[in-house]
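The following block contains the structure:
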């Protein structure tokens, strides 16, 4: 039970990095989407529901068409559907965003659990795709460039999110909606429309994340599969100080904590399982406790915008 | 009453949204090859009509009411505490630990159990509170993340005899459960026409009245509400966001912890056998939170909503016999919550439209 030597073994093993990137993929999809939504001023806690629904829709897609590509598309649609409900209820009607998000989380948990028992969709693992040369890098090569192919969507999605938010007019308006909705409104920006679109982006990204997790880790859908990891993705955005690169760093850190148990088991070590299960959540809380004050949140984060009020 | 909404319009909208929620649920059931009508019958049968069932439902409603009361208190102060599930579990764990540690005869032990439960919930919520006001961590996230930590911590405690696990030499691979509460130390149960329910039902009602009074008629309650409505104004009149916020979270957590203790000491068909074991919290915390959301911070509505949601839970046991997966009740529950969010939002939009048209007419 020598923790130090175990940790040493873990960090020098290639499978550790592969496990880590597996979870980092899940967190990465969700956190990228969540980051866009939060820059527009929504603290979107239904990301958990989006992930779960994405995974379930992906399973249904694979069940019907027997192809991972379709599963990913279904996943994106499934995530978007939750985003649609969230956006319409909290940013067209004026229901509280936390209330809506929480209810959606519970709804999707029940609904996918129910439908899973009734129709039992079967999926399978996606094929690995090795990128020549890069995949032979020591330690991280296989993890970053020998992954199942849906992982590579992340390499497109993250720069896309950055470009949309920082290099387009749409992104400027989106950020304005998150920083100062009143001023944005009088300059002719449709604040709630931009916020809804931010949530749609979060839904599609998280839905892809859910489907990605399905075809890389689960294969057989289970409604407890996401189990609070969506909230870790939200915490990654807070940890990253609402910058995209910080968010990604948070994803890798938290994914490391999430995969630690898996990696230890793979190497034959046995530790206190409760501590290992709680570890990612403790790391997340600890990291937020250290960093939450040092960063600047979008000013209007989690504040509803209603024209003429406030 | 040109701008106001008449009471029967409100009623119509609420009835309509309940119908919509049930309609969507029925579509879900029918689409997967089940029959909706028997499910509905089973729900009513299992929660009210079958012998002994409404007492059972009352018993389940108790922790829901307690959790929801705590939620209302923290949300009145403008804080979003959504970790009741963890606070409840921690409360139950504290109740078990201190209940057996301190012992004491009958009623005294029961009081100890309840107080320890409240303490446990308060401690767990205060962790989130401290992180919020000392380190600026959003309480929405920390309370949520602490749910997982709580369940793992209690799981660990249930493996250690010096913490929660039932003492006994050579237990082998038996189930990890705590010691059972002695029969003299349990919450007394009343019997009405074959329906048994714990006396905590009355405690819950009294607490609901008390909370309603505290929030509406005391200085503390007013400051709390002020903090929730406009924290800048509260700051100007000298209401400390930190101390009142911490207090609101702590009291909210205490109610959730009390609910856990009440489940442990109240027993009954739904909540284990006066023991703490794996899966003890069983989503009561989440459901209690939903109750508070549906009641929309109106304390006196809480017991009624709690009874309906408790009915969905006790009715779920009967749904399985219809051949439909009983998790459908979770779907019905969440859909009801979503649907009941609609009327106030629709009315809000409508009043604004009317106000605008009146303003345009004058111009």
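Residue numbers (the numbering used here), protein chains in the order written: chain F, 80 to 389; chain R, 27 to 389. All C-beta atoms in this analysis are idealised placements derived from N, C-alpha and C, irrespective of residue type, glycine included. Note that the structure is a prediction, hence the values are computed from the model and not measured.
Close beta carbons around residue i, own chain, < 8 Å, minus the five adjacent residues each side
i              : result
residue 184(R) : 190, 191, 202, 203, 204, 302, 303, 304
residue 51(R)  : 62, 354, 357, 358, 361
residue 346(R) : 352
residue 379(F) : 120, 256, 257, 258, 259, 260
residue 267(F) : none
residue 28(R)  : Bear in mind that a pLDDT of 43 at residue 28(R), under 50, signals an unreliable position, so the number given afterwards is only what the model happens to contain. If we look at residue 28(R) and ignore the five residues flanking it on each side, its Cβ neighbours are 380, 384.
residue 238(R) : 325, 326
residue 92(R)  : 230, 233, 281, 282, 284, 285, 288, 314
residue 341(F) : 98
residue 257(R) : 104, 267
residue 224(F) : 209, 210, 213, 214, 216
residue 264(F) : 270, 384, 386
Element boundaries [alpha helix (DSSP H), containing residue i]
i              : result
residue 359(F) : 352 to 370
residue 167(F) : 147 to 170
residue 34(R)  : 33 to 57
residue 348(F) : Careful: residue 348(F) lies outside any alpha helix (DSSP H) and carries neither H nor E.
residue 274(R) : 267 to 292
residue 111(R) : 110 to 128
residue 291(F) : 270 to 292
residue 158(R) : 132 to 161
residue 343(R) : 328 to 345
residue 245(F) : 232 to 246
Reference residue i; option with closest CA among the options
i              : options                        : result
residue 381(F) : 36(R), 104(R), 210(R), 53(R)   : 104(R)
residue 335(F) : 115(F), 83(F), 88(F), 95(F)    : 95(F)
residue 168(R) : 153(R), 334(R), 180(R)         : 153(R)
residue 322(R) : 371(R), 72(R), 298(R)          : 371(R)
residue 365(R) : 83(R), 336(R), 255(R), 42(R)   : 42(R)
residue 46(R)  : 89(R), 139(R), 363(R)          : 363(R)
residue 141(R) : 388(R), 283(R), 328(R)         : 283(R)
residue 332(R) : 239(R), 270(R), 231(R), 77(R)  : 231(R)
residue 109(R) : 254(R), 368(R), 148(R)         : 148(R)
residue 377(F) : 83(F), 217(F), 115(F), 213(F)  : 115(F)
residue 166(F) : 386(F), 347(F), 288(F), 275(F) : 275(F)
residue 98(F)  : 221(F), 360(F), 195(F)         : 221(F)
residue 281(R) : 246(R), 234(R), 239(R), 326(R) : 234(R)
residue 202(F) : 384(F), 310(F), 136(F)         : 136(F)
residue 341(R) : 75(R), 32(R), 156(R)           : 75(R)
residue 272(R) : 33(R), 259(R), 254(R), 59(R)   : 254(R)
residue 206(R) : 193(R), 217(R), 216(R)         : 193(R)
residue 176(F) : 125(F), 241(F), 86(F), 243(F)  : 125(F)
Boundaries of the beta strand (DSSP E) in which residue i is found, first to last residue
i              : result
residue 215(R) : 215 to 218
residue 222(R) : 221 to 224
Integer Cβ distance of residue i from residue j, believed to fall under 8 Å
i              : j              : result
residue 166(R) : residue 227(R) : Residue 166(R) to residue 227(R), Cβ: 32 Å. No contact.
residue 161(R) : residue 372(F) : 6 Å
residue 241(R) : residue 249(R) : Not confirmed; about 11 Å, so no contact.
residue 375(R) : residue 172(F) : 7 Å
residue 139(F) : residue 200(F) : 5 Å
residue 186(R) : residue 357(F) : Not really, about 15 Å apart at Cβ, beyond 8 Å.
residue 178(F) : residue 367(R) : 7 Å
residue 289(F) : residue 133(F) : 3 Å
residue 155(R) : residue 120(R) : Not really, about 17 Å apart at Cβ, beyond 8 Å.
Contacting residues, own chain, Cβ-Cβ under 7 Å from residue i (five flanking each side not counted)
i              : result
residue 159(F) : 279, 282, 283, 286
residue 386(R) : none
residue 292(R) : 85, 88, 213, 224, 226
residue 101(F) : 295, 296, 338
residue 218(F) : 93, 96
residue 391(R) : Absent from the structure is residue 391(R), since the part of chain R shown begins at 27 and ends at 389.
Contact set for residue i: own chain, Cβ-Cβ below 6 Å, skip 5 residues either direction
i              : result
residue 99(R)  : 274, 277, 278
residue 208(F) : 228
residue 112(F) : 280, 281, 284, 285
residue 77(R)  : 220
residue 343(R) : 72
residue 174(R) : none
residue 252(F) : 268, 273
- Message: Taking 8 Å as the cut-off, does the stretch 148 to 163 of chain F touch the stretch 318 to 332 of chain F (at least 3 CB pairs, one atom from each stretch)?
- Response: no
- Task: Check whether the stretch 221 to 231 of chain F touches the stretch 285 to 299 of chain F, counting contact only when three or more Cβ pairs, one atom from each stretch, lie closer than 8 Å.
- Result: yes
- Message: Check whether the stretch 138 to 154 of chain F and the stretch 176 to 190 of chain F touch, using three or more Cβ-Cβ pairs below 8 Å as the test.
- Response: no
- Report yes or no: do the stretch 109 to 128 of chain R and the stretch 306 to 323 of chain R share at least 3 C-beta pairs separated by less than 8 Å? yes
- Task: Report yes or no: do three or more beta-carbon pairs, one from the stretch 347 to 362 of chain F and one from the stretch 172 to 182 of chain R, lie closer than 8 Å?
- Result: Between the stretch 347 to 362 of chain F and the stretch 172 to 182 of chain R there are three or more inter-stretch CB-CB distances shorter than 8 Å, so the stretches are counted as touching.
- For the stretch 333 to 340 of chain R against the stretch 357 to 371 of chain F, are there 3 or more C-beta pairs whose distance is under 8 Å? no
- With a cut-off of 8 Å, do at least 3 Cβ pairs link the stretch 125 to 135 of chain F to the stretch 161 to 170 of chain F? yes
- Message: Between the stretch 126 to 146 of chain R and the stretch 73 to 89 of chain R, can you find at least three pairs of beta-carbon atoms closer than 8 Å?
- Response: No contact exists between the stretch 73 to 89 of chain R and the stretch 126 to 146 of chain R.
- Task: Kindly confirm or deny that the stretch 102 to 109 of chain F and the stretch 317 to 324 of chain F touch, where touching means at least three C-beta pairs closer than 8 Å.
- Result: Because the criterion of three Cβ pairs below 8 Å is not met, the stretch 102 to 109 of chain F and the stretch 317 to 324 of chain F do not touch.
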